[in-house]
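Participant:
Numbering (the numbering used here), first residue to last: 1376 to 1651.
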């Protein structure tokens, strides 16, 4: 049953106001690396980026989680952004391309400016929920301060495709695949790790999260996929219904496995809306 527009809006409001739902492991760094980093004040100017999530900080400020092209996912303090007449208040919107500038020598940097770039249509209705799903995936899977320019480009492409009404199941599967690869959680799906050879379209396989692609066996608890599906996914071709269905089952399994069973808030909204 599809939720009404008001129900979706209410669920999204709850999602945005509850930062405790979103967490990601902090990458450990050596004490020498931390010491060297603390000795220099970094100033970054006009870096392309997108707001992923924002939460209140002190009385008038926000901590903004952003995805940037050259620095990956970072956290910025937007001082005074909650004030009614703050210029940052109207600019720091999700799914809008920004040029961001910041400074700082700790993990939590200070945002110094944010300029709206424009050129992209806003997300609406179910596409908006898909956008928040992308943001939640990025926050869950990407460590901070690790650049992923290929994922940034895929994010921009996905947001643009959703805004123009392209098939949500297809563009989400493409994004999920790039996300897992960029996170180091997925290798070449078109190569059989046991046989060290390309998968064969007429055979059936499973994708073991630990061992990679291998032939399916009786009693496997992993989703079974045709070699044709794996080859199509590797080429970005989701035109066949069988590929769409099998890839959906595969991605649900892999994401759940790597999240250790944790439920994505936006995933349930997507299932309710479109059974994605």
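Even glycine gets a Cβ: it sits at the ideal position worked out from N, Cα and C.
1. Cutting at 8 Å between CB atoms, please list the residues of its own chain near residue 1576, excluding the five before and the five after it.
2. Which same chain residues, not among the five before or five after residue 1468, have their C-beta less than 7 Å away from its C-beta?
3. Going by beta carbon distance, what residues of the same chain come within less than 8 Å of residue 1478, once the five residues before and after it are set aside?
4. If you pair each beta-carbon of the region 1522-1542 with each one of the region 1494-1510, do three or more pairs fall below 8 Å?
5. In three-state DSSP terms, what is residue 1602?
6. Would the region 1537-1554 count as touching the region 1452-1468 if we require 3 or more Cβ pairs under 8 Å?
7. Just mark residue 1447 as buried or exposed, buried being the case when its beta carbon has 16 or more other beta carbons within 10 Å.
8. Buried or exposed for residue 1540, going by 16 or more other Cβ atoms inside 10 Å?
9. Reducing DSSP to helix, strand and coil, say where residue 1519 ends up.
10. Checking the sheet assignment: what are the DSSP bridge partners for residue 1579?
11. Give every residue of the same chain whose Cβ lies closer than 7 Å to the Cβ of residue 1564, excluding the five residues on either side of it in the sequence, and list them in chain order.
12. Per the DSSP calculation, residue 1425 is bridged to which residue(s)?
13. Taking the alpha-carbon positions, what's the residue 1489 to residue 1473 distance?
14. Of the residues 1639, 1459, 1620, 1525, which one's Cα is nearest the Cα of residue 1443?
15. To the nearest angstrom, report how far apart residue 1598 and residue 1513 are at their CA atoms.
16. Which residue's Cα is closest to the Cα of residue 1644: 1460, 1428, 1502?
17. Does the distance from the CB of residue 1437 to the CB of residue 1456 come in under 8 Å?
18. Grouping DSSP H, G and I as helix and E and B as strand, with all else coil, what is residue 1616?
19. Only counting the same chain, and skipping five residues up and downstream in sequence, which positions put a Cβ closer than 6 Å to that of residue 1470?
20. How big is the Cα-Cα spacing for residue 1569 and residue 1590?
21. Quick check: the Cα distance between residue 1634 and residue 1515, rounded to an integer number of angstroms?
22. Roughly how many whole angstroms lie between the Cα atoms of residue 1632 and residue 1584?
23. State the beta-bridge partners of residue 1418 as determined by DSSP.
24. Does the distance from the C-beta atom of residue 1522 to that of residue 1445 stay below 8 Å?
25. Here's the rule I'm using: 16 or more other beta-carbon atoms within 10 Å means buried, otherwise exposed. How should residue 1517 be labelled?
26. With DSSP as the reference, label residue 1631 as helix, strand or coil.
27. So for residue 1459, helix, strand or coil by DSSP?
28. Could you give the DSSP three-state label for residue 1448: helix, strand or coil?
29. Do you know how far the Cα of residue 1482 is from the Cα of residue 1407?
Facilitator: If we stick to the structure as given:
1. 1601, 1602, 1603, 1606
2. 1426
3. 1416, 1417, 1418, 1419, 1484, 1485, 1487
4. yes
5. helix
6. no
7. buried
8. exposed
9. strand
10. 1601
11. 1582, 1588, 1605, 1608, 1609
12. 1442
13. 6 Å
14. 1525
15. 24 Å
16. 1502
17. yes
18. helix
19. 1498, 1506, 1534
20. 8 Å
21. 8 Å
22. 8 Å
23. 1478
24. yes
25. buried
26. helix
27. coil
28. strand
29. Only weak support exists for where residue 1407 lies, its pLDDT of 43 falling under 50; the value from the coordinates is given anyway. For residue 1407 and residue 1482, the distance between alpha carbons rounds to 15 Å.
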